[in-house]
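Please read the structure below before turning to the comments.
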Amino acid sequence: MLQNLPIGVYYPGQSFLHRLRGRTKLVLLFWYAIWLYIAMTRTWHFAPYIVGIILLAVIIYASGIAPRVLWLRMRFLLLLSLLGSLTLPFATVVPKDDRALSTLGPWPVSYSIALNGLLVILGVSLVVMASQFLRMSAVQAFWRRPWVRRLRFLAWVLLLGSLLGIWLLSGSAGTQMLALGPVFVTRLGVWYVVEVEGLLLLYAFSLLIMLTTSPVILVESVTGLMAPLRLVRFPVDDFALMLLIALRFIPTLLEEIEQLSKAQLARGASLANGTLAERFQGFTMLVIPLMRGIFQRASDLSTALESRGYAVDGKPTMLHETRMRGMDYVTLVAVLALTIGSLLL
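For the sequence shown, the residue numbers in the working numbering are 48 to 392.
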């Protein structure tokens, strides 16, 4: 799980995206965000999003990064955006500044059918909740799977929801009809879903830049782009040093967290199983040595910088971010032409 985090992870390679200057990629990312913001203000204009999907496919191909790597780092966010977007297109009342694209319902349902359906949901939830207490080895092995443990929360939600529905419908006559709907698919609701997908495109593009740019090159690029801020006495080099240390130490800290978690698991302490008190105790046993290791690394780093006479005075020499090449200018012009053209269509 921790190795799939996007921050501070670099995949070495010689692809087209790897060979672009870091400044080029950061400028493209900044322009990509501005372009998407402008596209979001133009309601019901889909050309920029179509171009964005095509650009993302081209960038993935040019990066040499397997789509599975991108999927492992985006699946949780994709799931959250999917769940959050399910209700966006629908509304029970159409606002004055919007119009309905389609109308669903109303669907007449008798109270007896609704009550029977809730009873079925209640029975299934009770069976699922009770099965985890069975002493059968096959059932216990099934419940120890990580994705199955998440069913407990869903079972509790269905159980409580069905009990509430049964309580509300219990005093009604069985022949009485219940109208479900109507539900309207609104124009703005559909557009909100498109905007969410646009933000996912921006996240995927920034993720590809992180995966194809080493932390040193990324910091040199930020330093070069922020160079004009030196005129207002902004500590650009101090900021670059902090950014570099953060990016370089993130993979190290993630590896240390994984080692501590395995050590605690070998001792019988687990953050996923046990009572709330046992989980909290396991969490403290993980956090305390982790914080001690972080402070120790910070002390060692400061001692190393001081012993080497490190200072941020003067203009630093860039090792990787030298002059931009022809491929950088061609890429900038091509992306600018495509994106601006999509806004004008």
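Cβ coordinates follow ideal geometry from the N, Cα and C atoms, glycine included. From a predicted model like this one, the values you see are computed outputs, not experimental measurements.
Do residue j and residue i count as a contact pair if the criterion is CB distance below 8 Å?
| i | j | result |
| --- | --- | --- |
| phenylalanine 286 | leucine 76 | no |
| leucine 73 | serine 261 | no |
| leucine 258 | tyrosine 58 | yes |
| leucine 205 | isoleucine 168 | yes |
| leucine 227 | valine 140 | no |
| leucine 102 | leucine 352 | no |
| leucine 83 | methionine 374 | no |
| isoleucine 81 | leucine 248 | no |
| serine 184 | serine 209 | no |
| proline 136 | valine 232 | yes |
| leucine 254 | arginine 115 | no |
| proline 95 | leucine 390 | yes |
| leucine 130 | isoleucine 213 | no |
Based on Cα-Cα distance, which residue from the options lies nearest to residue i?
| i | options | result |
| --- | --- | --- |
| valine 283 | Ala384, Val266, Leu385, Arg122 | Val266 |
| valine 241 | Pro153, Ser132, Glu303 | Ser132 |
| arginine 21 | Glu303, Ala185, Met332 | Here the chain covers residues 48 to 392 and nothing more, so residue 21 does not appear. |
| leucine 211 | Leu165, Phe281, Leu300 | Leu165 |
| glutamine 61 | Ala86, Leu272, Ala94, Gly111 | Gly111 |
| serine 346 | Leu383, Ile292, Gly373 | Ile292 |
| leucine 235 | Leu215, Pro155, Asp144 | Asp144 |
| leucine 312 | Leu300, Thr299, Gln328, Pro298 | Gln328 |
| arginine 295 | Arg344, Met371, Ile100 | Arg344 |
| alanine 381 | Ile85, Val98, Arg66 | Val98 |
| arginine 370 | Val56, Tyr250, Leu337, Gly69 | Gly69 |
| valine 230 | Leu148, Phe200, Ile387 | Leu148 |
| glutamate 302 | Ile341, Trp118, Phe137 | Ile341 |
| valine 334 | Leu300, Ser217, Thr350 | Leu300 |
| leucine 216 | Pro142, Ile160, Arg146 | Ile160 |
| tyrosine 158 | Arg115, Thr150, Leu225 | Leu225 |
| leucine 348 | Arg146, Met289, Tyr239, Arg277 | Met289 |
| leucine 246 | Phe189, Ile85, Pro298, Pro275 | Ile85 |
| query | So does the segment 170-180 actually touch the segment 120-127, counting three or more Cβ pairs closer than 8 Å? | reply | no
| request: Kindly confirm or deny that the segment 95-111 and the segment 298-310 touch, where touching means at least three C-beta pairs closer than 8 Å. | output: no
| request: Pick out the complete beta strand (DSSP E) segments inside the segment 219-301, 3 residues or longer, and give them in chain order. | output: 224-227, 230-233
| field | Minimum length 4: unbroken alpha helix (DSSP H) runs contained in the segment 100-160 | value | 114-132
| So does the segment 81-95 actually touch the segment 273-283, counting three or more Cβ pairs closer than 8 Å? | no
| message | What ranges does the alpha helix (DSSP H) occupy inside the segment 173-199, keeping only unbroken runs of at least 4 residues that lie completely in it? | response | 184-190, 193-196
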